[in-house]
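**Q** Numbering (my numbering), first residue to last: 11 to 116. For glycine and all other residues, C-beta sits at the position ideal for the given N, C-alpha and C. Dropping a structure here in structure tokens format, bear with me for questions.
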Amino acid sequence: SAQAAAAAAQTAAAAEARANMASLAAAAASQETAEAEARASASEARAEAAETRATEFSAGLNKASAELQAAVARAAAAESGIEVCRAAVAESTAAEASGQQAASQA
């Protein structure tokens with residue numbers, strides 16, 4: 011009877027030790043899960059930041075492209091204005107030459 015009680019106590023102690031080991035393993039698994047979740051959350055935040063930077067870069071690129079097109083249009087307008095000035099100078103020169111010729115014939 012005392013032997014049976016000792017065996018039962020030993021079995022109970024072994025079961026308690028196994029329960030403690032299982033509890034420790036569960037705590038370790040829980041900590042690993044929390045760490046993995048934290049890493050996943052950090053990765054998600056980095057991905058969102060990268061996406062934001064890509065969007066900002068794309069917007070900047072579109073703005074630069076629009077500014078370039080506007081500059082090209084202004085250059086074309088300036089070139090057209092220069093051609094008008096050249097034509098006016100040529101016309102004025104021709105008129106002056108014509109006036110001098112008329113004056114010398116008079």
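Reducing DSSP to helix, strand and coil, say where residue 75 ends up.
**A** Locating residue 75 in the sequence shown gives position 65, counting from the first residue. The answer is helix: DSSP assigns residue 75 an H, G or I state.
**Q** Does DSSP put residue 68 in a helix, a strand or coil?
**A** Locating residue 68 in the sequence shown gives position 58, counting from the first residue. Residue state, collapsed to three classes: helix.
**Q** Does DSSP classify residue 51 as helix, strand or coil?
**A** Position 41 of the sequence shown holds residue 51. It is helical.
**Q** What's the C-alpha gap between residue 47 and residue 24?
**A** Here residue 47 refers to the residue found at position 37 of the sequence shown. Here residue 24 refers to the residue found at position 14 of the sequence shown. Cα to Cα, residue 47 sits roughly 34 Å from residue 24.
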